[in-house]
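Residue numbers for the sequence shown follow our numbering, beginning at 290 and rising by one.
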Amino acid sequence: MISLTHIPRPPLTELVDLFWLVDSHEVPHEKERVLPNGCMQIILSLRDNGFRVYDRAHHGHESRLSGSILTGPSSEFSIINTADVISTIGVCFKPGGARPLFGLRADEMYDQDADLDTLWGASATSELRERILAADSPDAKFRVLEDILLARACWEQVRHPAVAFALRAFDRIPHTRTIGDVTTQVGLSRRRLIELFRETIGLTPKRFCRLRRFQEVLGLVCRGQPVDWAEIASACGYFDQAHLIHDFRAFSGLTPSEYTRLRTAHQNHVLLE
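The following block contains the structure:
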């Protein structure tokens, strides 16, 4: 199995967190629960197949997508068929990073998946797929992605300065910084900043910070050390362990103990029972 990540060259680093590629011939289990991280992604199948997404409440009800999609930001888990994603390449955008490539408000894509054919046109999507498939190595495939994204980026649509400031503030002090702290420093009303943030990121500032904290919890659980949930709750700024469990279930649909039993090698992918 091949599983690789790649940091693109500047200035794409302003928009993209990383590229990733997975190529395997094995399907260890049928379905997985994918936990939310709030990011938008391009996902391309390296085989001639589309993607299936299942209803959260009724796992037998499926929707079918093409093999070239943009996934919107979400704070809810999704359910996928692992056979569809064993040979894929993707782009994980930084918060607000997809807009210069697609011209879309992030909140319009909340919890949505869209075919790239619809967003970029069939010709451009076909060219992207053909060039990636023709590239003879993972590094070459990553270079194709870099070249095409750089050519398509509209840099006039980068994040509003107030949103960029808020993101930096939440990263520096993620557990104690509040929207009120930020609004007093950017000279906007609370309502206006929330509106700009949701339009750019796809989530409200409060939900964004809660989701970031949830991802921090997952990172600590997956570091390979014994798990002390009370210690993790304190380290991540929760009031107590009950507060952590509440958020954990809200975002994953699982209790923390269920997660530790069902998680895979990737912290956001969990076996579906």
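All C-beta atoms in this analysis are idealised placements derived from N, C-alpha and C, irrespective of residue type, glycine included.
In whole angstroms, give me the CA-to-CA distance for residue i and residue j.
i: residue 433; j: residue 532; result: 44 Å
i: residue 552; j: residue 412; result: 39 Å
i: residue 443; j: residue 511; result: 37 Å
i: residue 436; j: residue 430; result: 10 Å
i: residue 332; j: residue 354; result: 11 Å
i: residue 300; j: residue 415; result: 25 Å
i: residue 496; j: residue 506; result: 15 Å
i: residue 397; j: residue 422; result: 30 Å
i: residue 527; j: residue 440; result: 43 Å
i: residue 296; j: residue 308; result: 6 Å
i: residue 291; j: residue 518; result: 33 Å
i: residue 371; j: residue 350; result: 16 Å
i: residue 521; j: residue 508; result: 10 Å
i: residue 360; j: residue 410; result: 16 Å
i: residue 316; j: residue 473; result: 51 Å
i: residue 494; j: residue 438; result: 27 Å
i: residue 525; j: residue 326; result: 16 Å
i: residue 513; j: residue 530; result: 20 Å
i: residue 340; j: residue 404; result: 10 Å
i: residue 478; j: residue 375; result: 46 Å
i: residue 367; j: residue 535; result: 19 Å
i: residue 425; j: residue 336; result: 15 Å
i: residue 484; j: residue 392; result: 17 Å
i: residue 365; j: residue 305; result: 22 Å
i: residue 406; j: residue 468; result: 37 Å
Taking the DSSP output, what are the residues bridged to residue i?
i: residue 321; result: 369, 560
i: residue 359; result: 331, 403
i: residue 343; result: 351, 368
i: residue 311; result: 292, 377
i: residue 305; result: 382
i: residue 552; result: 559
Measuring alpha carbon to alpha carbon, tell me which residue in the options is nearest residue i.
i: residue 345; options: 290, 487, 369, 503; result: 369
i: residue 610; options: 292, 469, 334; result: Residue 610 is absent from the model: the chain starts at 290 and stops at 562.
i: residue 515; options: 546, 352, 327; result: 546
i: residue 523; options: 342, 503, 404; result: 503
i: residue 377; options: 314, 361, 362, 406; result: 314
i: residue 381; options: 542, 328, 513; result: 328
i: residue 428; options: 311, 365, 460, 483; result: 311
i: residue 461; options: 498, 478, 529; result: 498
i: residue 501; options: 484, 407, 363; result: 363
i: residue 402; options: 562, 348, 342; result: 342
For residue i, I'd like the list of residues in its chain whose CB is within less than 8 Å of its CB, leaving aside the five on either flank, ordered along the chain.
i: residue 303; result: 383, 386, 447
i: residue 543; result: 322, 537, 551, 559
Grab me the residues of residue i's own chain with a C-beta within less than 7 Å of its C-beta, minus the 5 sequence neighbours each way, in chain order.
i: residue 560; result: 318, 321, 551, 553
i: residue 338; result: 356, 373
i: residue 456; result: 384
Who are the Cβ neighbours of residue i in its own chain at under 6 Å, not counting the five residues just before and after it?
i: residue 563; result: The chain is shown from 290 up to 562; residue 563 falls before or after that span and cannot be answered.
i: residue 475; result: 451, 454
- What runs of the alpha helix (DSSP H), each 4 residues or longer, lie entirely inside the segment 363-408? 388-391
- Message: Could you tell me which whole alpha helix (DSSP H) segments of length 4 or greater appear in the segment 416-479?
- Response: 427-441, 450-461, 468-475
- Which runs of the beta strand (DSSP E) fall wholly inside the segment 506-533 and span at least 3 residues, in chain order? none
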